[in-house]
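Position 153 (the sequence shown) corresponds to 145 in the numbering used here; numbering is contiguous.
Beta carbons: idealized from backbone N, C-alpha and C, even for Gly.
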Amino acid sequence: MPEIILIGGGGHARVVISILKRLPDYDIAGYVDKENKGRILGVEYMGNDAILADIKNNHPDCHAVIALGSTDHRQVKTRKRLYEHLEKLGFTLPVIVSPAAIISEDVHIDPGTAIMDGAIIGTGSRIGKCAIINTRCSVDHDCRIGDYVHIAPGATLSGGVTVGSESLVGAGATVIHHTTIADKCVIGAGAVVIRDCTSKGTYVGVPARLMR
Ligand code: JB2
């Protein structure tokens, strides 16, 4: 079985580990974090990011999953930086799909993206690289989700929604059908988006409005 390492050893990483353990696909070799958090769910600490090149040299077929999930916008930048670094080092970043997710026919998901427990992806949807479709999200038919996007737990995207790259959709937010969210937007938890969010910024409330 191919080996996989996790990048990050926090809350989201523990959720990813619990999914990986239910999949028949990988042996978890360890996790890489800025800090040594000891064993997490039985997974050993390997070192900080400086060790990644050595890991790749010693385990040429090792895969990697970026397991940082915070809805803090800085974390999106960190995930992007780490993804580009891991690609340069030659790691493969597979798509991780929870066995408890439902993925319809004719869905395309780019590398490095994780689909968590209870998520539903409707037919015709396209999901970019290194995105997180978190626990119990609903992404209905024909959605377009950009690179590094995080759809937080319980968010609902109706059919034909576009979410631009590096955007975050907060927990429990609702986005009505055929609306577009620009790149680098943050949609607050529980917000209801009924109009396009055309410029980068933070949108909150019901209906969602750009915060000044
Ligand atoms: O550059 C980095 C780096 N920056 C932060 N490289 C590596 N290898 N690791 C990094 N980290 C590590 O990510 C931190 O040291 C920390 O251990 C981990 C982030 O953990 P935290 O628990 O703070 O956040 P999370 O992203 O795992 O989970 C948050 O977001 C999820 C979506 C939590 O708030 C969860 O509750 C939430 N479900």
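{"query": "Just the Cα atoms here: how many angstroms apart are residue 87 and residue 111?", "result": "14 Å"}
{"query": "Using three-state DSSP, classify residue 31 as helix, strand or coil.", "result": "coil"}
{"query": "Counting Cβ pairs, one atom from each stretch, are 3 or more of them under 8 Å apart for the stretch 10 to 23 and the stretch 72 to 83?", "result": "no"}
{"query": "For the candidate residues 162, 55, 1 and 158, whose alpha-carbon lies nearest to that of residue 121?", "result": "158"}
{"query": "What does DSSP give as the partner residues of residue 84 in its beta bridges?", "result": "55"}
{"query": "Using only the alpha-carbon positions, how far apart do residue 9 and residue 65 sit?", "result": "23 Å"}
{"query": "Does DSSP classify residue 70 as helix, strand or coil?", "result": "helix"}
{"query": "Could you check whether residue 165 and residue 189 sit closer than 9 Å to each other, using their CB atoms as the reference points?", "result": "no"}
{"query": "May I ask whether a heavy atom of the ligand JB2 can be found less than 8 Å away from the beta carbon of residue 46?", "result": "no"}
{"query": "With a CB to CB cut of under 6 Å and the five nearest residues on each side skipped, what residues in its chain are close to residue 72?", "result": "140"}
{"query": "Is it true that the CB of residue 171 sits closer than 9 Å to the CB of residue 154?", "result": "yes"}
{"query": "If you draw a straight line from the C-alpha of residue 183 to the C-alpha of residue 198, how long is it?", "result": "5 Å"}
{"query": "Assuming the contact rule is C-beta atoms closer than 8 Å, residue 156 and residue 134 should be a hit. Round their C-beta distance to whole Å, please.", "result": "Contact flag wrong, Cβ pair sits at about 16 Å."}
{"query": "Of all the options 137, 74, 83 and 36, which has the alpha carbon lying nearest to the alpha carbon of residue 107?", "result": "137"}
{"query": "Would you grab the beta carbon distance between residue 180 and residue 126 for me? Rounded to a whole angstrom, and I think it's under 8 Å.", "result": "At roughly 15 Å, the Cβ-Cβ gap does not stay under 8 Å, so residue 180 and residue 126 are not in contact."}
{"query": "Measuring alpha carbon to alpha carbon, tell me which of 83, 147 and 201 ends up nearest residue 113.", "result": "147"}
{"query": "Drop a sphere of 10 angstroms on the beta-carbon of residue 52, count the other beta-carbons inside from all chains shown, and report buried for 16 or more, exposed for fewer.", "result": "exposed"}
{"query": "May I ask you to check if the CB of residue 73 is nearer than 8 Å to at least one heavy atom of the ligand JB2?", "result": "yes"}
{"query": "CB-CB under 6 Å to residue 94, same chain, minus the five flanking residues each way: which ones, in chain order?", "result": "112"}
{"query": "Ordered along the chain, which non-local residues of its own chain (more than five positions away) have a Cβ less than 6 Å from that of residue 1?", "result": "23, 25, 29 and 32"}
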